[in-house]
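Residue numbers (the numbering used here), protein chains in the order written: chain A, 1 to 124; chain B, 1001 to 1883. Each residue gets a CB set at the ideal place from its N, CA and C atoms; glycine is no exception. Notes follow the structure.
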Amino acid sequence: MRLQYPPNVRIIEVPCTGKVDVMHLLMAFEYGADGVIVVGCMEGDCHYSAGNLYARKRVNRVKEILDKVGVGGERLAMYNLSSGMGGRFAEIVREITEKVMELGPSPIRVATGKATGPIAEVTT
Amino acid sequence: MAALPPEHTCACFDEIAQGYTEDQARREAARCLNCGVCSECMQCVAACQAGAIDHTMQAETKEVRVGAVILSPGFQTFSPVKCETYHYSSLPNVVTSLEFERILSASGPFGGHLVRPSDHAEPKKIAWLQCVGSRDVKYHTYCSSVCCMYAIKEAVIAKEHAPYPLETAIFFMDMRTFGKDFELYYNRAKDEHGVRFVRSRIHSIDPLPGDNLQIRYADESGVEHREDFDLVVLSVGMEVSQGARELNATLGVDTNGHDFVATSPFAPVSGSREGVYVCGAMQGPKDIPESVMQASAAAGAVSASLGDVRWTETKTRQAPTPKDIKPEDAPRIGVFVCNCGINIGGIIDVPELSAYAKSLPNVAYVEDNLFTCSQDTQVNMTRIIEEQNLNRVVVAACTPITHEPLFRETLIDAGLNKYLFEMANIRNQDSWVHMKEHDKATDKAKDLVRMAVARASLLKPLKEKPLTINQRALVIGGGIAGLNAALNLGDQGFETILLEKEPQLGGMGRRVHQTIEGLDVQVYLDKLVERVKGHAKIQVLTSALVVGFSGYKGNFTTEVLVGPGMYERKIDHGVTVVATGAHEYRPKEYLYGEHERVMTQLELGNYLHGWSSAAARWNRVVMVQCVGSRNEENPNCSRICCQGAVKYALQLKDLNPDMDVVILYRDMRTYGFLEDYYREARDQGVLFSRFDPEHPPQVTEDNRQLSVTFVDHVLGRPVTMDVDAVVLSAGARANDTEELASLLKIPRNAGGFFIEAHAKLRPVDFASEGIFLCGMAHSPKLIGESIAQAMAAAARAGAFLADVNQTISGVTAHVDPDRCAACLVCVRTCPFGVPQINRDNVSEINEALCQGCGTCASECPAKVIQVAHFEDDQISAKIKTLY
Chain A
1 MRLQYPPNVR
11 IIEVPCTGKV
21 DVMHLLMAFE
31 YGADGVIVVG
41 CMEGDCHYSA
51 GNLYARKRVN
61 RVKEILDKVG
71 VGGERLAMYN
81 LSSGMGGRFA
91 EIVREITEKV
101 MELGPSPIRV
111 ATGKATGPIA
121 EVTT
Chain B
1001 MAALPPEHTC
1011 ACFDEIAQGY
1021 TEDQARREAA
1031 RCLNCGVCSE
1041 CMQCVAACQA
1051 GAIDHTMQAE
1061 TKEVRVGAVI
1071 LSPGFQTFSP
1081 VKCETYHYSS
1091 LPNVVTSLEF
1101 ERILSASGPF
1111 GGHLVRPSDH
1121 AEPKKIAWLQ
1131 CVGSRDVKYH
1141 TYCSSVCCMY
1151 AIKEAVIAKE
1161 HAPYPLETAI
1171 FFMDMRTFGK
1181 DFELYYNRAK
1191 DEHGVRFVRS
1201 RIHSIDPLPG
1211 DNLQIRYADE
1221 SGVEHREDFD
1231 LVVLSVGMEV
1241 SQGARELNAT
1251 LGVDTNGHDF
1261 VATSPFAPVS
1271 GSREGVYVCG
1281 AMQGPKDIPE
1291 SVMQASAAAG
1301 AVSASLGDVR
1311 WTETKTRQAP
1321 TPKDIKPEDA
1331 PRIGVFVCNC
1341 GINIGGIIDV
1351 PELSAYAKSL
1361 PNVAYVEDNL
1371 FTCSQDTQVN
1381 MTRIIEEQNL
1391 NRVVVAACTP
1401 ITHEPLFRET
1411 LIDAGLNKYL
1421 FEMANIRNQD
1431 SWVHMKEHDK
1441 ATDKAKDLVR
1451 MAVARASLLK
1461 PLKEKPLTIN
1471 QRALVIGGGI
1481 AGLNAALNLG
1491 DQGFETILLE
1501 KEPQLGGMGR
1511 RVHQTIEGLD
1521 VQVYLDKLVE
1531 RVKGHAKIQV
1541 LTSALVVGFS
1551 GYKGNFTTEV
1561 LVGPGMYERK
1571 IDHGVTVVAT
1581 GAHEYRPKEY
1591 LYGEHERVMT
1601 QLELGNYLHG
1611 WSSAAARWNR
1621 VVMVQCVGSR
1631 NEENPNCSRI
1641 CCQGAVKYAL
1651 QLKDLNPDMD
1661 VVILYRDMRT
1671 YGFLEDYYRE
1681 ARDQGVLFSR
1691 FDPEHPPQVT
1701 EDNRQLSVTF
1711 VDHVLGRPVT
1721 MDVDAVVLSA
1731 GARANDTEEL
1741 ASLLKIPRNA
1751 GGFFIEAHAK
1761 LRPVDFASEG
1771 IFLCGMAHSP
1781 KLIGESIAQA
1791 MAAAARAGAF
1801 LADVNQTISG
1811 VTAHVDPDRC
1821 AACLVCVRTC
1831 PFGVPQINRD
1841 NVSEINEALC
1851 QGCGTCASEC
1861 PAKVIQVAHF
1871 EDDQISAKIK
1881 TLY
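What follows is the structure, given as structure tokens:
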């Protein structure tokens, strides 16, 4: 479809969102991500049965942690998309980019002085 | 050659012959080199570094004994030289669509720069003229089926390609975007890309001063226009080549009136001579997915006829023993950057990216290729891996979904474990989606390559275990597609179980009486059902409902409730074919359901079958096309209704030649040879009148008298007529498969049709291995097309079952027993129930059963589970290197 979306996302592939680890989500913020999007299959349609449900729980847990440490849970989002929803994916990337732009650089990035432009990271 | 007058030499010693100018010399040399006959100067022998040229070779006749022959010589494009009014041979800026493809191509004459031939100037305005050589009584009367779609594609790509606002206009008669999701592409071209569509057939192209071209055309209301263009593209059709004609004659297969190999809709890939099959454009004009489908169908037909001699004359590849890569060996990474023609190289600065890749740690070698996936690059890559002693390979190109298997094969050929490979997707994730931001796209590509290199450095070689395959097939759906898939699999020698949710077999086929060719569908279906039911290898379960599905490729288990008693049955099988079909849309519009003479196509077919004498007394019938298709609710085209309308119009005319039959349409999509029937209908006096979706026809009744009002596009004003019947060409809708899709975990599009693994290259596979797709469940299609796709799915499924040397992916979870606390989290988490606490009181994961999703690894509180190939540090490496 070649739908255009902002060039500030980097995709990291995992076999299933079930493999998206709390550790890796936190690590992304620790190293300087301004936002992270987790994209998994539709609920009920996980190729491995329930990996996306586990991922959803972890994302919610990490959001709480981010709120507590002052990074802000709204910088992390999870979406359930099917492979036929490329249009929605592009839309999500645009939305999140706008949102992160509004929020400004992540406090961690400000503190560590890594002043590269906003970079969101997507995990599928 | 210029020469001086001989008198000139009276006073001096000047040469009379002045020699060639550079331009003349080049032209003369080109004339010589293109004269077609080798002059045996032997310069090529000296120039070919591979030493591949041997002038002493003689033609020899070889005899090969085979059990079947598949004809697939393809097509040639129509030569527009014959169309004198287009001046193709004299006007350099009139090009064919294939030439325009070359202009857009990175390996084309202008290096992928969009310029016109005459002066290499960037065109500001380009026109496409459709139906050149097609739908034309002077040349070919059939429709070439593919030109509408490729013209739209060329216009969209040209617009994307041009770094300035490019105007594009497509001049057409009917826009025939009838394939799966094609209508959506057409709409996007119109609404989002701003491609202009003009309904007019162009008679001639006139040259203007300054190499521009003028087109004169009349719009639908008859107003004449003149418009100037910088470049005109002729959308040339497909035709049979002389070579293919001779081949058909040599093999003794019958051809149709257009010289294509003649086939029956009920045997879509069988030539008239037994054992000779046909696929692709040799059978009729068709696009890539249809050709791929038919190719698999032909392979399926051959597999069915030669199933018992499978593997008897097979050569197996001898791969070198893989090199032993020790953990302490320093990584030596080779990075191959693909230009993908202009797909990547046109957006991303590839030389800069390559130079950057060279600077990354552990990178020992970098090169860029025009196409990294081409055959010669694979050979080259194998050599470089050996020469440079590489132990990891990174390819920066497209998606691993389509191309990782290919590159992994190359690693195996080079003696490297296939898991020592990583792809950076700088096309689908970068150049395609950031087309207008060259610098940012290049920066992103650098990041993606750096991430890939970081992960590659940590990759480990993995061993794969053999996969056991249950040699049984399950086909879901007992319509024409499912029956054919089951029959083909059974004929191939595989035990097959066919499930049908209704009490009787046949599906929608039971509601169609005749094909447009006049063949009796019920006679065919009865014979087909009889063969399936009587087949020793096939078991049929009717009134069967799928309620459970588990397992993985080669080892599925399906739970079914069978019969009125709903008794439960568990079926173990190795492959699944999904053929759940579609149904006719039940109209809500045009008084349907309120007046008995407002009927759908299938209802008309039934009426004509049972009450033909009553129908013969009708004076006037109006058919309305695109009912429930190409609208907001269902934006897609249903493909089959235009030919359906023509078929029934011809049947009505046959019953009563004096009957007025009016077809109200938006675009008549009688593609391929169906165009012949459209022409026949016009010859027989069937009236065709076009309507705009903004002004649809009105169907009213007054005292049970039906009448139809529509805007006549010639008169430009409304016409009202009393009619005996209104036939609604109701489109095809996918059957309700929500639950089945969820059980099998297979994706569906917005219309409920299943999504294949790749729209062009894998039209009958699902992305999940071991599951295949055919028939109307994929998208609306004609009976012959459904049968071809069913045979294709059976061929793919059969090939999977027959390949007994498959292995299980090495991507599985492993527990570090020394650190496991046996907390049972993994045991509870695993969706497949694989981890178990062993005798040593630690968790153990059976590799043969592990699916490699990694859910346990991420839940494990002690982090003692690692998924091979996706180990924590391999993922972390990508994150850390980003910032």
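1. Please report the residue range of the alpha helix (DSSP H) in which residue 1324(B) lies.
2. In chain order, what residues of the same chain have a beta carbon less than 7 Å from the beta carbon of residue 22(A), not counting five sequence neighbours either side?
3. Identify every residue that forms a DSSP beta bridge with residue 1100(B).
4. With distances taken from CA atoms, which of 1138(B), 1744(B) and 1630(B) is nearest residue 1185(B)?
5. Just reading off the alpha helix (DSSP H) that residue 1260(B) is part of, what are its end residues?
6. In this structure, what does DSSP give as the bridge partners for residue 1582(B)?
7. Would you mind stating whether residue 1884(B) and residue 1820(B) have Cβ atoms separated by less than 8 Å?
8. For the stretch 1803–1813 of chain B and the stretch 1496–1510 of chain B, state whether three or more C-beta atom pairs, one from each stretch, are separated by less than 8 Å.
9. Where residue 984(B) and residue 1067(B) are concerned, what is the direct C-alpha to C-alpha distance, given to the nearest angstrom?
10. Taking DSSP as the reference, what is the three-state secondary structure of residue 1466(B)?
11. Give me the chain B residues within the contact set of residue 65(A), using Cβ-Cβ distance strictly less than 9 Å, ordered along the chain.
12. Classify residue 117(A) as buried or exposed, calling it buried when 16 or more other Cβ atoms lie within 10 Å of its own Cβ.
13. Using a beta-carbon distance cut-off of less than 8 Å, what residues from the stretch 1819–1831 of chain B approach chain A?
14. Whose CA, out of 1241(B), 1321(B), 1488(B) and 1415(B), lies closest to the CA of residue 1473(B)?
15. Terminal residues of the continuous alpha helix (DSSP H) containing residue 1171(B)?
16. When you compare only the Cα positions, how much space is there between residue 1103(B) and residue 1111(B)?
17. Throw me the rounded Cβ distance for the residue 1337(B) and residue 1396(B) pair, which I believe falls under 8 Å.
18. Suppose the cutoff is 6 Å on Cβ atoms and the five residues either side in sequence are ignored; what does the same chain contact list for residue 1069(B) look like?
19. Starting from residue 1408(B), follow the alpha helix (DSSP H) in both directions and report where the run begins and ends.
20. Quick check: the stretch 1244–1255 of chain B against the stretch 1071–1085 of chain B, are there 3 or more CB pairs under 8 Å?
21. For residue 1497(B), would you say it is in contact with chain A, using Cβ-to-Cβ distances shorter than 8 Å as the test?
22. Excluding the 5 residues flanking residue 1512(B) on each side, which residues of the same chain have their C-beta closer than 6 Å to its C-beta?
23. Name the DSSP beta bridge partners of residue 1548(B), please?
24. If you draw a straight line from the alpha carbon of residue 1259(B) to that of residue 1240(B), how long is it in whole angstroms?
25. Taking CB distances under 8 Å as the criterion, tell me whether residue 106(A) reaches chain B.
26. Apart from the five residues on each side of it in sequence, which residues of its chain come closer than 8 Å, Cβ to Cβ, to residue 1140(B)?
27. If we count the other Cβ atoms within 10 Å of its Cβ and call it buried at 16 or more, is residue 1016(B) buried or exposed?
28. Residue 1689(B) and residue 1624(B) - do their beta-carbons sit closer together than 8 Å?
29. Does the contact criterion of 3 or more C-beta pairs under 8 Å hold for the stretch 1088–1105 of chain B versus the stretch 1291–1302 of chain B?
30. What residue does the beta strand (DSSP E) around residue 1867(B) start on, and which one ends it?
31. Among residues of its own chain, excluding the 5 on either side of residue 109(A), which ones have a beta-carbon nearer than 6 Å to its beta-carbon?
32. Name the residue from 34(A), 19(A), 13(A) and 86(A) whose alpha carbon lies nearest to the alpha carbon of residue 48(A).
33. Report buried or exposed for residue 1180(B), applying the criterion of at least 16 other Cβ atoms within 10 angstroms of its Cβ.
34. Can you name the residues of chain B whose CB is closer than 8 Å to the CB of residue 44(A)?
35. Is the CB-CB distance between residue 1147(B) and residue 1221(B) below 8 Å?
36. Please state the DSSP three-state secondary structure of residue 117(A).
Looking at the atomic coordinates:
1. Translated into the one-based positions of the second sequence, residue 1324(B) becomes position 324. Going by DSSP, residue 1324(B) is part of no alpha helix (DSSP H) at all; its letter is neither H nor E.
2. Sequence index remark: in the first sequence, residue 22(A) carries index 22 (1-based). So the list reads 58, 61 and 62, once near-sequence residues are dropped.
3. On the second sequence, residue 1100(B) is found 100 positions in, with the first residue counted as 1. BP columns for residue 1100(B) are empty, so no partner.
4. Stepping through the second sequence from its first residue, residue 1185(B) is reached at position 185. Measuring from the Cα of residue 1185(B), the nearest candidate turns out to be 1630(B).
5. For the purposes of this step, residue 1260(B) is taken as residue 260 along the second sequence, with counting starting at 1. In the DSSP annotation of this structure, residue 1260(B) is not part of any alpha helix (DSSP H), being labelled neither H nor E.
6. Your numbering for residue 1582(B) matches position 582 in the second sequence. In the DSSP output, where bridge partners are listed per residue, residue 1582(B) has 1734(B).
7. The first residue shown for chain B is 1001 and the last is 1883, placing residue 1884(B) beyond what the model contains.
8. Judged by Cβ distances under 8 Å, the stretch 1803–1813 of chain B makes no contact with the stretch 1496–1510 of chain B, as fewer than three pairs qualify.
9. Coverage of chain B is limited to positions 1001 through 1883, which leaves residue 984(B) absent and any answer about it impossible.
10. In the second sequence, residue 1466(B) corresponds to position 466, counting from 1. Taken through DSSP and simplified to helix, strand or coil, residue 1466(B) comes out as strand.
11. By one-based count along the first sequence, residue 65(A) stands at place 65. The contacting residues do not exist; residue 65(A) stays about 15 Å from chain B at best.
12. Along the first sequence, one-based indexing puts residue 117(A) at 117. Only weak support exists for where residue 117(A) lies, its pLDDT of 46 falling under 50; the value from the coordinates is given anyway. Exposed is the call here.
13. Those residues of the stretch 1819–1831 of chain B that come within reach of chain A (Cβ to Cβ, closer than 8 Å) are 1829 and 1831.
14. Working through the second sequence from its first residue, we reach residue 1473(B) at position 473. The shortest Cα separation from residue 1473(B) among 1241(B), 1321(B), 1488(B) and 1415(B) belongs to 1488(B).
15. Position 171 of the second sequence, counted from the first residue, corresponds to residue 1171(B). That residue, residue 1171(B), is in no alpha helix (DSSP H); its beta strand (DSSP E) goes 1167–1172.
16. Here residue 1103(B) refers to the residue found at position 103 when the second sequence is read from its first residue. Here residue 1111(B) refers to the residue found at position 111 when the second sequence is read from its first residue. Between residue 1103(B) and residue 1111(B), the C-alpha separation is close to 8 Å.
17. Stepping through the second sequence from its first residue, residue 1337(B) is reached at position 337. Stepping through the second sequence from its first residue, residue 1396(B) is reached at position 396. Yes, residue 1337(B) and residue 1396(B) are in contact; Cβ-Cβ is about 5 Å, under 8 Å.
18. Sequence index remark: in the second sequence, residue 1069(B) carries index 69 (1-based). Cβ within range, chain order: 1276.
19. Here residue 1408(B) is taken as the residue at index 408 of the second sequence, counted from 1. 1400–1413 is the extent of the alpha helix (DSSP H) around residue 1408(B).
20. Yes: at least three Cβ pairs fall under 8 Å.
21. As a first step, residue 1497(B) must be located in the second sequence, where it is residue number 497. No, because no Cβ of chain A sits closer than 8 Å to the Cβ of residue 1497(B).
22. Walking along the second sequence from the start, residue 1512(B) turns up at place 512. Spatial neighbours of residue 1512(B) in its own chain (CB-CB distance under 6 Å, excluding positions within 5 residues in sequence) are listed in chain order as 1521.
23. For the purposes of this step, residue 1548(B) is taken as residue 548 along the second sequence, with counting starting at 1. DSSP, once it has assigned bridges, lists 1559(B) as partnering residue 1548(B).
24. Reading the second sequence from its first residue, position 259 is the one you call residue 1259(B). Reading the second sequence from its first residue, position 240 is the one you call residue 1240(B). If you take the alpha carbons of residue 1259(B) and residue 1240(B), they lie about 6 Å apart.
25. The sequence position of residue 106(A) within the first sequence is 106, counting from 1. Among the CB atoms of chain B, none fall inside 8 Å of the CB of residue 106(A).
26. Here residue 1140(B) refers to the residue found at position 140 when the second sequence is read from its first residue. Within the same chain, residue 1140(B) has close Cβ partners 1078, 1133, 1134, 1237, 1239 and 1258.
27. Start at 1 with the first residue of the second sequence, and residue 1016(B) comes out as number 16. Counting the other Cβ atoms within 10 Å of the Cβ of residue 1016(B) gives fewer than 16, which makes it exposed.
28. The residue given as residue 1624(B) occupies position 624 in the second sequence. The residue given as residue 1689(B) occupies position 689 in the second sequence. Cβ distance not < 8 Å, so residue 1624(B) and residue 1689(B) don't count as in contact.
29. Flag = no, the stretch 1088–1105 of chain B and the stretch 1291–1302 of chain B do not touch.
30. Translated into positions along the second sequence, residue 1867(B) becomes position 867. Counting along the chain, the beta strand (DSSP E) containing residue 1867(B) begins and ends at 1865–1867.
31. Walking along the first sequence from the start, residue 109(A) turns up at place 109. For residue 109(A), where only same-chain residues beyond five positions count, the Cβ hits under 6 Å are 32.
32. For the purposes of this step, residue 48(A) is identified with residue 48 of the first sequence, where counting begins at 1. When each option's Cα is compared against that of residue 48(A), the closest is 19(A).
33. As a working note, residue 1180(B) is residue 180 in the second sequence. Counting the other Cβ atoms within 10 Å of the Cβ of residue 1180(B) gives 16 or more, which makes it buried.
34. The count along the first sequence starts at 1 and reaches residue 44(A) at position 44. Per Cβ cutoff of 8 Å: 1742.
35. Walking along the second sequence from the start, residue 1147(B) turns up at place 147. Walking along the second sequence from the start, residue 1221(B) turns up at place 221. No, Cβ-Cβ distance for residue 1147(B) and residue 1221(B) is not below 8 Å.
36. As a working note, residue 117(A) is residue 117 in the first sequence. Model confidence at residue 117(A) stands at a pLDDT of 46, short of 50, so the residue's coordinates are unreliable; what they give is reported in the following sentence. In this structure, residue 117(A) counts as coil in the three-state DSSP scheme.
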